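Single-structure report; data block below.
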Amino acid sequence: MAKKMDLKSGSSKKPHEYIIFPLDLPTLDEATHYVRLLKNYIGLFKVGLELFVKEGPKILRAIAEETPTKIFLDMKFHDIPETVSGAQKAANAHHATFITVHCEEGKGLLKAVVDSVKNGTKILGITVLTSLSKEDLKEIGIREDLQDPTQLVLHRARLAKLAGCSGVVCSGKEVKAVKQEFGKDFIVVVPAIRPKWSVVNADDQKRITTPYDAIKDGADYIVVGRPIKNAPDPIEAVKKIAKEIEQALS
Ligand code: C5P
């Protein structure tokens, strides 16, 4: 696969390196199976709540043994500054590429995490979960002018930027606006990716995008879980997604 210059971020990465695979799996054995299967076909493995609560840090050591530089620790920290700072200090031992923290409690909490990083881990702010729609934002009491997810994403991305985060997580519907407002170097990770060919039943994701559209609009990484995990051949699925990324970059 040709190495291309990504003009949007100015970085040089191969198309498959844009793909983050979430290890949303219940056991270490199942997660390790996918790490071995996909390690040469994707950019990063994302460890989230389900697996970390079940298996703890040993899952990170298992990934590091297979592929040392590919960990995205998606802890979505959300607590008082003292607690998240302590959590980040403990997480420094894992040498993750990215760690996530919720933006909604403001700059103090975000900065507490950023200031506790020791080893080059980049902190990403979670703006508005892709499973939330405008109606959900209204229901949880978000003020009217911010019930449009793009406005709320921009508002929270601004907090993340001011606090020193390296970037944010948002849906593909907002990536263009975030890049326009905060520049090409502010990293944007986009989950809720659904290739046109993927069929995911009883889906909880609402603000979805295709790999092509997300990359075209400037995403630096896309998180693709179920469309790969549930595919009859996960490697084929990853290759198809990488092809789509290559087309979007060209
Ligand atoms: O592709 P799929 O929907 O299966 O991906 C699910 C993954 O995306 C989960 O690991 C979830 O934590 C992650 N996600 C995220 N940020 C969001 C929404 C989902 O990291 N806003």
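Using the numbering used here, the letters of the sequence shown map in sequence onto residues 184 to 433.
Think of the CB as a built atom: it goes at the ideal place given N, C-alpha and C, for glycine as much as any other residue.
This one's a predicted model, so the numbers in the text were calculated from it and none came from an experiment.
- Going by DSSP, Lys272 is part of the alpha helix (DSSP H) stretching over Pro264 to Ala274.
- Looking at the backbone, the Cα of Glu200 and that of Phe228 are separated by about 11 Å.
- At the C-beta level, Gly350 and Ile323 stay beyond 7 Å of one another.
- A straight line joining the alpha-carbon of Gly303 with that of Ile282 spans about 11 Å.
- The three-state secondary structure of Gly289, taken from DSSP, is coil.
- For the pair of segments examined, the segment 406–417 was found to touch the segment 203–210: the number of CB pairs separated by less than 8 Å reaches three.
- With a threshold of 16 other beta carbon atoms within 10 Å, Pro394 meets it and is buried.
- At the C-beta level, Leu211 and Val230 stay beyond 7 Å of one another.
- For Ala273, the number of other beta carbons within 10 angstroms of its own is below 16, and it is reported as exposed.
- Inclusion of Gly355 and Thr392 in the CB contact set at 7 Å is warranted, their separation being smaller than that value.
- In the DSSP assignment, Ile254 falls within the unbroken beta strand (DSSP E) covering Ile254 to Phe260.
- Below 8 Å, enough C-beta pairs join the segment 287–294 and the segment 332–352 to call them touching: three or more.
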